[in-house]
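K.L.:
Each residue of the sequence shown is one higher than the one before, counting from 1 in our numbering. Ideal Cβ placement from N, Cα and C applies to all residues, glycine included. Because the structure is a prediction, the values reported are computed rather than measured.
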Amino acid sequence: MIIQNAKLRGKEGLWNIVVKDGKFELITQSMELTANEEVIDVNGSLVLPPFIEPHIHLDTTLTAGEPEWNLSGTLFEGIQRWSERKAFLTHEDVKTRSKTALKWQIAQGIQHVRTHVDVTDPSLTAVKAMLEVKEELAPFIDIQLVAFPQEGIHSYPNGVELLEESLKMGVDVVGGIPHFEFTREYGVDSMKVAFDLAEKYDRLIDIHCDEIDDEQSRFLEVVAKEAYERGLGSRTTASHTTAMGSYND
Numbered sequence: 001m002i003i004q005n006a007k008l009r010g011k012e013g014l015w016n017i018v019v020k021d022g023k024f025e026l027i028t029q030s031m032e033l034t035a036n037e038e039v040i041d042v043n044g045s046l047v048l049p050p051f052i053e054p055h056i057h058l059d060t061t062l063t064a065g066e067p068e069w070n071l072s073g074t075l076f077e078g079i080q081r082w083s084e085r086k087a088f089l090t091h092e093d094v095k096t097r098s099k100t101a102l103k104w105q106i107a108q109g110i111q112h113v114r115t116h117v118d119v120t121d122p123s124l125t126a127v128k129a130m131l132e133v134k135e136e137l138a139p140f141i142d143i144q145l146v147a148f149p150q151e152g153i154h155s156y157p158n159g160v161e162l163l164e165e166s167l168k169m170g171v172d173v174v175g176g177i178p179h180f181e182f183t184r185e186y187g188v189d190s191m192k193v194a195f196d197l198a199e200k201y202d203r204l205i206d207i208h209c210d211e212i213d214d215e216q217s218r219f220l221e222v223v224a225k226e227a228y229e230r231g232l233g234s235r236t237t238a239s240h241t242t243a244m245g246s247y248n249d
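What follows is the structure in structure tokens.
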């Protein structure tokens, strides 16, 4: 396939991009076309690298208002509403909704997605479904799965075991939610568990951290400490960290 008459960043004029076996083989300004070549003439459009979606929850997508709307608009009611919806989750339900959202993303030029998947579910329904979605859509989009313990690692029954089981099943990243645990002690120890599992299974780390406006929520310090002492800084992401906006300057 040849992408013809494309503009490229930092380059003058129009270019032709030759794609072979799914990879760029040649970028040139002049070439002769043969009759059997598949050609896409972009007529001077700018060709860019694909976009990245670094944080989404595909297992929960397209569930607003099911079974009830989040009338307060707060995060904590949203979590409660999802917990109610999760009780009726099915394998095909997760696959259908997540594929719909992924097709929208692909259409907008997104090629790499990191999605969090709730593992606080005894049957791990969403994990099983999303592992299949990842494989089925692999020709079109790269999907990275995060084992996200929405209701806590220690605060949810068998939370540690469910988190580890999801990693054994092939989930790519260890998640956490320390500020949602019952106590600060649970939150701190949950981070030790998350980092221990990341080391044990050679996984990346992505923590929902201090997603609250409480100025006393300081789990970012715990995440930073664990990452620093274990030499895992380049493999660790702290998501949201909204409590920082409430800290005393």
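Excluding the five sequence neighbours on either side, which residues of its own chain have a C-beta within less than 6 Å of the C-beta of Ile52, listed in chain order?
P.N.:
His112, listed in sequence order.
K.L.:
Tell me which residue opens and which closes the beta strand (DSSP E) that Phe148 is part of.
P.N.:
Asp142 to Phe148 is the span of the beta strand (DSSP E), which, as asked, contains Phe148.
K.L.:
Here's the rule I'm using: 16 or more other beta-carbon atoms within 10 Å means buried, otherwise exposed. How should Leu145 be labelled?
P.N.:
Per the 10 Å Cβ criterion, buried.
K.L.:
Looking at C-alpha atoms only, which residue of Thr96, Arg81 and Leu75 is the closest neighbour of Gly65?
P.N.:
Cα-wise, what sits closest to Gly65 is Arg81.
K.L.:
Is the beta carbon of Thr120 sitting closer than 8 Å to the one on Glu151?
P.N.:
In contact: Thr120 and Glu151 (Cβ atoms closer than 8 Å).
K.L.:
Report the rounded CA-to-CA distance for Val47 versus Ile27, giving the unit in angstroms.
P.N.:
Approximately 12 Å, taken between the alpha carbons.
K.L.:
What is the rounded straight-line gap between the Cα of Gly10 and the Cα of Gly44?
P.N.:
Taking the straight line from one Cα to the other gives about 14 Å.
K.L.:
Using a threshold of 7 Å, is the CB atom of Ile110 nearer than that to any non-hydrogen atom of the ligand GTP?
P.N.:
For the ligand GTP, the structure offers nothing, since it holds no ligand at all.
K.L.:
Under the assumption that Leu167 contacts Arg203 (Cβ atoms under 8 Å), give the Cβ distance between them as a whole number of angstroms.
P.N.:
So it is a contact: roughly 6 Å between Cβ atoms.
K.L.:
What residue does the alpha helix (DSSP H) around Thr96 start on, and which one ends it?
P.N.:
Where Thr96 is concerned, the enclosing alpha helix (DSSP H) stretches over His91 to Ala107.
K.L.:
Per the contact definition of three or more C-beta pairs closer than 8 Å, is the region 128-143 in contact with the region 70-80?
P.N.:
The region 70-80 is not in contact with the region 128-143.
K.L.:
Taking Trp15 as part of the beta strand (DSSP E), name the residues at either end of that continuous run.
P.N.:
Counting along the chain, the beta strand (DSSP E) containing Trp15 begins and ends at Trp15 to Lys20.
K.L.:
In the DSSP assignment, find the beta strand (DSSP E) that holds Asp41 and state where it starts and stops.
P.N.:
Where Asp41 is concerned, the enclosing beta strand (DSSP E) stretches over Val39 to Asp41.
K.L.:
State the start and end residues of the unbroken alpha helix (DSSP H) segment that holds Val223.
P.N.:
Its alpha helix (DSSP H) spans residues Phe219 to Arg230.
K.L.:
Taking Thr223 as the reference, which of Ile207, Leu163, Val133 and Ile40 has the closest Cα?
P.N.:
First, the amino acid is wrong: residue 223 is Val here, not Thr. Of Ile207, Leu163, Val133 and Ile40, the residue nearest in Cα terms is Ile207.
K.L.:
Please list the segments of the alpha helix (DSSP H) lying wholly inside the region 104-137, counting only runs of 4 or more residues, in order along the chain.
P.N.:
Qualifying alpha helix (DSSP H) stretches, in chain order: 125-136.
K.L.:
Taking the alpha-carbon of Val173 as reference, which of Pro50, Asn248 and Thr236 has the nearest alpha-carbon?
P.N.:
It is Thr236.
K.L.:
What are the partner residues of His55, as DSSP defines its beta bridges?
P.N.:
Looking at the DSSP assignment, His55 forms no beta bridge with any residue, so it has no partner.
K.L.:
Identify, in the order they occur along the chain, each residue of the same chain with its Cβ nearer than 6 Å to the Cβ of Tyr201, setting aside the five sequence neighbours on each side.
P.N.:
Hits under 6 Å: Leu167.
K.L.:
Could you compute how far the alpha carbon of Arg184 sits from the alpha carbon of Trp69?
P.N.:
Answer to the nearest angstrom: the Cα atoms are 30 Å apart.
K.L.:
Out of Phe219, Asp249 and Glu229, which has the shortest C-alpha to C-alpha gap to Thr241?
P.N.:
Considering only alpha carbons, the answer is Phe219.
K.L.:
Would the region 27-38 and the region 101-110 be scored as touching if the rule is three or more Cβ pairs under 8 Å?
P.N.:
No, because fewer than three Cβ pairs between the region 27-38 and the region 101-110 fall closer than 8 Å, the two stretches do not touch.
K.L.:
Taking the alpha helix (DSSP H) that Lys7 falls in, what are its first and last residues?
P.N.:
Neither: Lys7 is in no alpha helix (DSSP H) and is coded neither H nor E.
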